[in-house]
Amino acid sequence: MQRRTVLALSLSTAAAGALGALGVGSASAAALDPSLPPGGNFDLSVWSLQLPTGSPGSPDTISPARLKGAGGYTNPTFFWTDKNDGSMTFWAPEKGVTTPNSKYARSELREMNPNGSAANWTLAGNHTLSAQLRIVSVTKNVAVGQVKLGTGGTSTKPLAELYYRPNGDIFLGTQNSPDASGQTLHKVGSVALGVKWTYVINVNGSRINLTINGTRTSYTIPSAFNPYRQYFKAGSYNQSSSESTANGAKVKFYSLTVKHD
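FYI, the numbering for the sequence shown is -29 to -1, 1 to 232, going by mature numbering (1 follows the signal peptide of the UniProt record, and there is no 0).
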């Protein structure tokens, strides 16, 4: 059985097919209404939102029920619709509330199931996160897509993180093992700051397949991850910290698609 959630307004069949060739499920700036909150343009019923606000170690989280629909949640500082192009915009400053296991603030979506429970899928099967986006500003490094470890063990590390740097370089970080042994970085492309690009992160059994602007690379998942379940994340997970609330990473999404086969 296939479960597919397309997080954007529908286009014509021809337009959707053209975007599909780029690895994007559907959506373009022309399909987005700048007058609506993000939930009016994107189906946010299968995402929760973590903000860089709240109490120390306990960031504010917005549920799918609050995010979805034309009356959905918006935040003028951290999560809003761009009034010019309709993009779903995330801002994560260098100073903000973080989770207990991270020193970096984020404005980031976390994958959920349609029934409101937290997504938590096995490596078996075919799992795909696709996006069209652009980065407006970043101080050092920002993660714009993740495959995160769920249940199955004690580790809270990501299986993989997709990073963007100020010079335009894009890297995939693949976790070496579930413990704290670090990541291996793979340079997978380069796109100038402010320019739109696409990514497709596909997890299929023992492989991570990544496509950046149509160019595909593939990586083996170490067997130590087999007991773990996973979930996707997308948004602005800033990878630098300071006492500044003016410096940080602003990321704009024009489409976002989750598919499980």
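Backbone N, C-alpha and C define an ideal beta-carbon position, used for all residues, glycine too.
What does the alpha-carbon distance come out to for the pair residue i and residue j?
| i | j | result |
| --- | --- | --- |
| Ser26 | Val68 | 7 angstroms |
| Ala131 | Leu20 | 19 angstroms |
| Ser6 | Ser58 | 11 angstroms |
| Tyr134 | Ser152 | 19 angstroms |
| Leu(-8) | Thr24 | Residue placement at Leu(-8) cannot be trusted, given a pLDDT of 36 that sits under 50; what the coordinates show is reported in the next sentence. One C-alpha to the other measures close to 35 angstroms. |
| Leu(-21) | Gln154 | Here Leu(-21) scores only 35 on pLDDT, less than 50, and its place in the model should not be relied on; the value that follows carries that caveat. About 36 angstroms. |
| Gly87 | Tyr202 | 14 angstroms |
| Leu143 | Leu80 | 19 angstroms |
| Ser78 | Phe50 | 7 angstroms |
| Thr191 | Thr48 | 39 angstroms |
| Thr45 | Thr52 | 8 angstroms |
| Ala95 | Phe196 | 12 angstroms |
| Ala(-3) | Ser226 | Confidence at Ala(-3) is low in this model, with a pLDDT of 40, below 50, so its placement is unreliable and the value that follows should be read with caution. About 5 angstroms. |
| Thr60 | Asn184 | 21 angstroms |
| Thr182 | Ser207 | 19 angstroms |
| Ser189 | His157 | 11 angstroms |
| Asn91 | Gly121 | 6 angstroms |
| Arg136 | Thr93 | 30 angstroms |
| Ala2 | Asp56 | 9 angstroms |
| Thr228 | Val115 | 14 angstroms |
| Lys223 | Asp150 | 32 angstroms |
| Lys119 | Asp4 | 31 angstroms |
| Asp232 | Asn97 | 5 angstroms |
| Thr186 | Val17 | 28 angstroms |
| Glu214 | Ala76 | 12 angstroms |
| Gly28 | Gly139 | 31 angstroms |
| Ala89 | Leu22 | 17 angstroms |
| Glu82 | Arg200 | 13 angstroms |
| Asn12 | Ile33 | 17 angstroms |
Going by DSSP, what residues sit across from residue i in a beta bridge?
| i | result |
| --- | --- |
| Gly219 | Pro64 |
| Gln201 | Trp92 and Leu120 |
| Arg187 | Thr182 |
| Tyr225 | Tyr225 is not bridged to any residue. |
| Asn173 | Thr99 and Asn180 |
| Pro30 | Gly25 |
| Gly206 | Glu79 |
| Gly160 | Ile141 |
| Leu20 | Ile33 and Leu80 |
| Lys167 | Note: Lys167 sits in no beta bridge, so no partner. |
Would you grab the beta carbon distance between residue i and residue j for me? Rounded to a whole angstrom, and I think it's under 8 angstroms.
| i | j | result |
| --- | --- | --- |
| Lys230 | Thr99 | 4 angstroms |
| Lys128 | Gln117 | No, Lys128 and Gln117 are not in contact; Cβ-Cβ is about 10 angstroms, not under 8 angstroms. |
| Pro198 | Gly124 | 6 angstroms |
| Asn84 | Gln210 | Going by Cβ atoms, the distance from Asn84 to Gln210 rounds to 28 angstroms, so no, they are not a contact pair. |
| Ile179 | Gly160 | Rounded, the Cβ-Cβ distance is 15 angstroms, inconsistent with contact. |
| Ser212 | Lys74 | 5 angstroms |
| Leu15 | Pro30 | That pair is no contact at about 18 angstroms. |
| Ser148 | Pro193 | 6 angstroms |
The segment 89 to 105 contacting the segment 169 to 185, beta-carbon criterion three pairs below 8 angstroms: By the criterion of at least three beta-carbon pairs nearer than 8 angstroms, the segment 89 to 105 is in contact with the segment 169 to 185.
Complete runs of the beta strand (DSSP E) confined to the segment 72 to 158 [at least 3 residues]: The DSSP assignment places complete beta strand (DSSP E) segments of no fewer than 3 residues inside the segment 72 to 158 at 77 to 82, 97 to 108, 113 to 120, 129 to 135 and 140 to 146, in order along the chain.
Meets three-Cβ-pair contact criterion under 8 angstroms: the segment 157 to 164 and the segment 172 to 180: Output reads no: the segment 172 to 180 does not touch the segment 157 to 164.
At least three beta-carbon pairs within less than 8 angstroms, the segment 63 to 80 to the segment 211 to 225: Verdict: yes, contact present.
Sufficient close CB pairs (3 or more, under 8 angstroms) joining the segment 30 to 50 to the segment 4 to 18: Contact between the segment 30 to 50 and the segment 4 to 18 is present: 3 or more CB-CB pairs across the two stretches fall below 8 angstroms.
Every unbroken beta strand (DSSP E) inside the segment 35 to 64 [3 residues or more]: Segments of the beta strand (DSSP E) lying fully in the segment 35 to 64: 50 to 52 and 59 to 64.
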